[in-house]
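Just so you know, the sequence shown maps onto residues 4 to 1192 in my numbering.
Written out below as structure tokens is the structure these notes cover.
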Amino acid sequence: MSSTWSSMTSCLVFALVANHSYSAHRRRFDRGFRARQEEQTMTRQFVVRMLVVLTLSVLAGSPMSAQEPATIDRAALLHDTHDDLYRTPGGAVPLGANVTLRLRAATGNLDSATVRVFRTLDNTQNLVPMQVVASTPEGYDFWEATITLPDQPTVVYYRFLLTKGSETLFYEENTYRDGNYFEAAEGGPGAVYEQSQDLSFQISVYDPDFTTPEWMQNAVIYQIFPDRFRNGDRSNDPVDGSFVFYDELPLIFHETWNEPPVDGRREKAPSGADYFNSDFFGGDLAGIIEKLDYLAGLGVTAIYLNPIFEARSNHRYDTVDYLKIDPLLGDLETFRRLVQEADKRGIRLILDGVFNHMSSDSPFFDRYNRFLTTGACESTTSPWRRWFFFVPPREGQPSPCVNTLNGARYYTSWAGFDTIPKINSELGEVRRYFFLDQNSVALTWGAEGIGGWRLDVANEIDGGRNPAETYWEAFRNIVKRQNLDTIIIGEYWNDASEWLLGDEWDSVMNYRFRRAILGFARGTDYTDNDGLIWGLTPSEFIDAIRAVEEDYPRPAYLALMNLAGSHDTSRLLYVVDGDIRRQQLAALAQFTLPGAPTIYYGDEIALDAPSLPDPNGVVQDDPYNRAPYPWEDTEGDHYPPPNEAMLAFYQTLGTLRNRNSALRTGDLIPLAADDDQGILAYLRTDRDTGDIALVAFNVSDEPRDVVLNLDGLVPANTELRPVFAGATLTAAGDVELALPPLSGNIWEGNAGSDGYLSPEPPATVETTAQPGSVTISWQPVANAAGYTIYRSPVSTGGFERITEEPFVETSFTDHAVVNGYVYYYAVAAVNEDGIAGERSAAVAALPSAQIDAAYFVDAAGERIAAQPETIVVQFVSGVSVPVSAAIEIDDVTGQPGPAPGVRAQAALLPPGQSLNDAQWTAMSYSEDVGQADVYRASVVPPATGEYEIHARFSTDAGQNWTIVAPPQGSPLRVVVEATTDTTAPDAPASVEIIRASLSGVVLTWSPSEAEDVFSYRVYRVAEDGSTQQIGEVQAAAGERFVDPAVVAGDRYRYGVSAVDSSLNESEIRLSDAAVVEAQRVPVVFDVEVPTGTEGDVYIAGDFGTTDLPVWDPGGLVMIQVDETHWTITLDLPEGANIEYKYVRGDWLYVEKGPACEEIANRRLAVVYGDDDRVSTSDTVANWRDVCEA
4 MSSTWSSMTS CLVFALVANH SYSAHRRRFD RGFRARQEEQ TMTRQFVVRM LVVLTLSVLA
64 GSPMSAQEPA TIDRAALLHD THDDLYRTPG GAVPLGANVT LRLRAATGNL DSATVRVFRT
124 LDNTQNLVPM QVVASTPEGY DFWEATITLP DQPTVVYYRF LLTKGSETLF YEENTYRDGN
184 YFEAAEGGPG AVYEQSQDLS FQISVYDPDF TTPEWMQNAV IYQIFPDRFR NGDRSNDPVD
244 GSFVFYDELP LIFHETWNEP PVDGRREKAP SGADYFNSDF FGGDLAGIIE KLDYLAGLGV
304 TAIYLNPIFE ARSNHRYDTV DYLKIDPLLG DLETFRRLVQ EADKRGIRLI LDGVFNHMSS
364 DSPFFDRYNR FLTTGACEST TSPWRRWFFF VPPREGQPSP CVNTLNGARY YTSWAGFDTI
424 PKINSELGEV RRYFFLDQNS VALTWGAEGI GGWRLDVANE IDGGRNPAET YWEAFRNIVK
484 RQNLDTIIIG EYWNDASEWL LGDEWDSVMN YRFRRAILGF ARGTDYTDND GLIWGLTPSE
544 FIDAIRAVEE DYPRPAYLAL MNLAGSHDTS RLLYVVDGDI RRQQLAALAQ FTLPGAPTIY
604 YGDEIALDAP SLPDPNGVVQ DDPYNRAPYP WEDTEGDHYP PPNEAMLAFY QTLGTLRNRN
664 SALRTGDLIP LAADDDQGIL AYLRTDRDTG DIALVAFNVS DEPRDVVLNL DGLVPANTEL
724 RPVFAGATLT AAGDVELALP PLSGNIWEGN AGSDGYLSPE PPATVETTAQ PGSVTISWQP
784 VANAAGYTIY RSPVSTGGFE RITEEPFVET SFTDHAVVNG YVYYYAVAAV NEDGIAGERS
844 AAVAALPSAQ IDAAYFVDAA GERIAAQPET IVVQFVSGVS VPVSAAIEID DVTGQPGPAP
904 GVRAQAALLP PGQSLNDAQW TAMSYSEDVG QADVYRASVV PPATGEYEIH ARFSTDAGQN
964 WTIVAPPQGS PLRVVVEATT DTTAPDAPAS VEIIRASLSG VVLTWSPSEA EDVFSYRVYR
1024 VAEDGSTQQI GEVQAAAGER FVDPAVVAGD RYRYGVSAVD SSLNESEIRL SDAAVVEAQR
1084 VPVVFDVEVP TGTEGDVYIA GDFGTTDLPV WDPGGLVMIQ VDETHWTITL DLPEGANIEY
1144 KYVRGDWLYV EKGPACEEIA NRRLAVVYGD DDRVSTSDTV ANWRDVCEA
């Protein structure tokens, strides 16, 4: 059928003399500014004698688009959410806002860039194409797209899909380190992936009317575990052995206050059960009242109390009666006195709302038949039966409840602890009890004057954005209607964005913050039963803080509960290895960053209550972290007396935070993060009050001298006084700090109410561009002491100051520009203290050089001197026409290397067609020849026919072009003829869509029966039957194509044709149409378990679907392959980010790490792979029961 080509080279020499004139209309900029560039007609005339040698190379193989390997420059790709050059505006944004996203790539390196946008509210996605909006002299293009965000609260996730030729890459977050999730890298710069990992960047979209209580934004919180803080009323102390909890644990009362809690890992009750949570020290509400002055002296303005309602255990998370104070803590009268006395000192009370589960030994459930009421466990007709989830017991589980037709004599409990059955929060009657009725739990205690609620395991009651889950929306409406100043704090250990958008919680227990400050204070990794805390460098730490700031709306961000420890974690002092200096570093960060610092009782005195390893060496926090506060007037001496120096340190921090508004609600401005030196410095400023705080850390083992420049950030000559030892600083140019090893300090001051008042920006800014420079001018501004000029490659975001000192004139010339690139400028007026106001509107300028000559050259770079004859070539696979041309710019192109800002293009155009219709191909700099720069390109003819060869140059970013004149006035010509082979190959017999999912449409087709097929062309087929080619696949690569640029809900149809080496194309074979929708992805879980593992292996987790049990340790049994290997395949929702663990039917038999340590939940993104499924290969190192044996 077709000829076989290995290589063919044809040369043709042209000789000519030409006169050429070209007129171009120079446009005014139209981006909302005025530029001093007049509209003008540019006429160039020149006479050129040249010799042109055109080399036409015909390479064997498939067409160029299918043959050439794609080469996306991965190192050049960048998107950084912390930089407004890449995202404007940054952080969380209000409903309906427009956000501009940019991606950097090497100049001309991408064929396309697309943003995939996903919304959690309705689980929908769309694709937004990007366009190049700027290029830079450093060799980068900036691709841009603007997305309009939904008009309902939601979290939006986005990632970038990039193509060049047949290559497709994804740009997503870079949040894995050594295979483990590294949350400090959330946001910021991303990473390149060949397959999407579904690690999308995040934008939180919140209600603009969202507010949080001001008192919480200004709070210092103190957490009290009531039984362990202070015994103020001996009359309510329990009697040893007076009660047996859950039929197996006798009550223990500590007659000696300062002694350790009972260790259930080492002591067993007479029943044989581990002795946990049934020993009491006698702490009570009266004891808290006694110490309110102590707390006020710490600067405390809010107290968070662990549960105080009647319960069975010492932690009281197993509530018996939500409307009654536990008798061991006091009574309603004592509680009211606590509220009143706290209010006198400006302290509010935050109660613990445990609404997800309650005690099995309560009137509602009554497992042990101790109440006159008919509990849910006792009868199927109990009024509370529907409040709980009853199930048939599995092997080894008891059958304590009344029998039913399906044998549901057991029940679902929180985390497998059968003392606390889980409550069905979807029931209206449950909601009426907890918050809807006037005498509900929430409204009853709200009427008693509490400040708000901390909500236990709040995410397990209502998962956030699911429209079907409205628990916390309704709760918020009710309690805020009673008192708008009620604070709502959810307990969640990870990113709580789904609940902090204005319609659910106000705040969250900020465990992300805890992990960050402890990782920073330690500098090395730490692991205990709660998992891994990464050691962080100064730059990683500030990135982690910025990630939190970026995720949350500002009202929530300022109200975050910033804890360093709690009743659920190891003690602060223990985590920092008992190093007082490192605890002070953590506290310094805690009290000087946005959010409410939260002290876990006793941390302020460096309470030395270390966590202890269990018998297998795993460090456990509970019960050791719940030690009694070692008051000096109490019996016993197990815990050392208060560290007075640490107490004074905390008192200083609390007092400082209460008097300096910058530390509470001011802006956070990072100044320095030097990982090599161990230095971190940031500034907090409140422009309304003039309060300022400069905070600096040295986490190294060596003393450091630090130089910072505060010009433009702190009003000139403001004095900053050290809070701890050190010299007073004066904000004038550079300031020098001396920081001892492992230390930090604060310098505070006030610039007065006028210190940050600055003039309005100039109303009119104009630019005038000349070759090699841009002059910016503006009208003077009243009361301005000077001006600061900014520059950016784009119109919004990315502006950097280009004047070091305030500029006193009203005109400035920028010589640090490169011809051929667009620059945007803005000007801000500066007050007499050096503080700049808002920037003016951006104004563009485009410096450019004058082209002195442009001409065709031969392969050696010599000017063409003769008109060559028309060349005739055959249209075969791989044919290309090399085109070479030169440009001369006086005093520029004579220098080594390419002249800056030059753009060159070549095209093949049928005779008689306008240059405006040409499909231009970029030419690349090749070499210097004399005073000229030579550019070359290989242009692929689109089809057979006669073509004229054209080239053009621009030095002003393509606004105006100089056409290269042909020799002797006649265009260079190429004739591309069909080969003798004119027979098209057979089309594929069938084309099939095998999957149309969120990750793309997957096509397959049967191979053509022709023997000389080089490639297959893939087309999208529109409803009207028109086609658009979207790809070409080498025949040797197989019969499969993935179209990733699809949108859920849209209908797609495709066609495939076969192409032979003579570029004969078959008819297009069509597929059936398919609608893109989220699919169920087969996920294969393969796990290897230790030799000797007993019983069945289960997988438990949150799999992103209601079809499967959620964190049920006995819900999903795996299939045994051999002694140590188990498997299960689950069909999971595409796009889900799941968490899971392996377990043997009960949480007592959950997997552990190699050293029997607690391990984090395993994570997996459900995204199709090359084999149309997701596969895991996991290893269980240990089991909990084996570790504890």
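For every residue, glycine included, the Cβ atom is placed at its ideal position computed from N, Cα and C.
Check	Outcome
Cross-strand partners of D364 (DSSP beta bridge)	DSSP lists no partner for D364.
Rounded separation between P396 and T1130 - CA only	24 Å
3 or more residues per run - each beta strand (DSSP E) lying fully within the stretch 866 to 937	874 to 877, 882 to 891, 906 to 912, 927 to 932
Ordered list of beta strand (DSSP E) runs contained in the stretch 599 to 661, each at least 3 residues	599 to 603
Neighbourhood of A592 by C-beta, 6 Å cutoff - its chain only, sequence neighbours within 5 removed	I520
Rounded separation between G93 and G800 - CA only	10 Å
Residue interval of the beta strand (DSSP E) (run including N480)	Not the beta strand (DSSP E): N480 falls in the alpha helix (DSSP H), residues 474 to 485.
Beta-ladder partner(s) of S138, from DSSP	D144
Validate contact between the stretch 397 to 416 and the stretch 281 to 299 using beta carbons, cut 8 Å, 3 pairs	no
For V1004, three-class secondary structure by DSSP	strand
Alpha-carbon to alpha-carbon, G881 and V943	8 Å
Three-state class that DSSP yields for G493 in the structure shown	strand
Endpoints, alpha helix (DSSP H) assigned at T668	665 to 668
Burial state of S9, where buried means 16 or more other Cβ atoms lie within 10 Å	At S9 the pLDDT is 28, less than 50, meaning the model places this residue with poor confidence; the figure from the coordinates comes in the next sentence. So S9 counts as exposed.
Inter-residue CB distance, A754 and V717 (contact presumed, cutoff 8 Å)	7 Å
Option in R339, H360, M361, F358 with minimal Cα separation from R351	R339
8 Å Cβ cutoff met for A675 and L683	yes
C-beta atoms of Y1057 and S1074 nearer than 8 Å	yes
Contact set for Y371: own chain, Cβ-Cβ below 7 Å, skip 5 residues either direction	D250, D364
Residues bridged to L535 [DSSP beta-bridge criterion]	T530
CB of D606 within 8 Å of CB of A567, strictly	yes
Proximal residues to D694 (C-beta, below 6 Å), its chain only, five neighbours per side dropped	N663, S664, A665, N753
Distance between beta carbons of A305 and I224, contact taken as under 8 Å	5 Å
Of the residues D894, D624, S927, G900, the one placed nearest A907, counting alpha carbons only	S927
Residue environment, A1013, which counts as buried when at least 16 other CB atoms sit within 10 Å	buried
Whole-angstrom distance between S1009 and A1039, CA atom to CA atom	13 Å
Nearest-angstrom beta carbon gap, V1183 and E1154 [assumed within contact, 8 Å]	5 Å
Status (buried if at least 16 other CB within 10 Å, exposed otherwise) for S24	Only weak support is given to the placement of S24: the predicted model assigns it a pLDDT of 27, under 50, and the value that follows is read from those uncertain coordinates. Exposed, by the Cβ-count rule.
Own chain, CB closer than 7 Å to N619, minus 5 neighbours either side, in chain order	C1159, C1190, E1191
Environment of A940 [buried if 16+ CB atoms lie within 10 Å]	buried
In DSSP terms, what T778 is bridged to	T771, T816
Collapsed DSSP secondary structure at I792 in the structure displayed	strand
Residue burial classification, R30 (beta-carbon count within 10 angstroms, cutoff 16)	Below a pLDDT of 50, predicted positions are generally treated as unreliable, and R30, at 25, falls in that range; the measurement from the model is reported next regardless. So R30 counts as exposed.
Selection from F859, R804, V879, Q877 that minimises the alpha carbon distance to Q870	F859
Per-residue burial, E841 [other beta carbons within 10 Å of its own, 16 or more giving buried]	exposed
C-alpha distance - A787 paired with S780, whole-angstrom precision	15 Å
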